[in-house]
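So for the sequence shown, my numbering puts the first residue at 218; every next one is plus one. Here the structure is laid out as structure tokens; the discussion comes afterwards.
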Amino acid sequence: MIRLLMNLMMTRVCSSLKYIGVAISCDNNHELVRPVIALCDSGAEMCVVKAAVVEDFSPNVVGQVQLRPFCGDPIQADLIRITVFSEP
Numbered sequence: 218m219i220r221l222l223m224n225l226m227m228t229r230v231c232s233s234l235k236y237i238g239v240a241i242s243c244d245n246n247h248e249l250v251r252p253v254i255a256l257c258d259s260g261a262e263m264c265v266v267k268a269a270v271v272e273d274f275s276p277n278v279v280g281q282v283q284l285r286p287f288c289g290d291p292i293q294a295d296l297i298r299i300t301v302f303s304e305p
């Protein structure tokens, strides 16, 4: 019983995800801005956005990166420059 309670307490501590409302844009003038809900991940080395979210922005691809998920095979992805700012 005590072990079950400890596991439940650890699950609550370790699995609480935090989200924040932000806005993204791919141009310098911020003419096209999209509000999105983003996961706050303090351990991330790089911000990642699903390609479908920015496809109508026609972002300028500046390179390629290889993303290594926690489990599974690495994924090749386009590297783009976006502006992320807090949603008003």
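Glycine residues also receive a C-beta, built at the ideal position from the N, C-alpha and C atoms.
Check: Paired residues, beta bridge with ARG251 - DSSP; Outcome: ILE241
Check: Which of helix, strand or coil DSSP assigns to PHE287; Outcome: coil
Check: Spatial distance of ILE241 from ASP273 (CA atoms); Outcome: 12 Å
Check: Backbone CA spacing between HIS247 and LEU234 [nearest angstrom]; Outcome: 29 Å
Check: Euclidean distance between Cα positions of VAL270 and ASP290; Outcome: 23 Å
Check: Residue(s) in a DSSP beta bridge with ILE173; Outcome: Nothing about residue 173 can be read from this structure; the chain reaches only from 218 to 305.
Check: Residue range of the alpha helix (DSSP H) that includes VAL310; Outcome: Because the chain here runs from 218 to 305, residue 310 falls outside it and cannot be looked at.
Check: Beta-ladder partner(s) of LEU256, from DSSP; Outcome: TYR236
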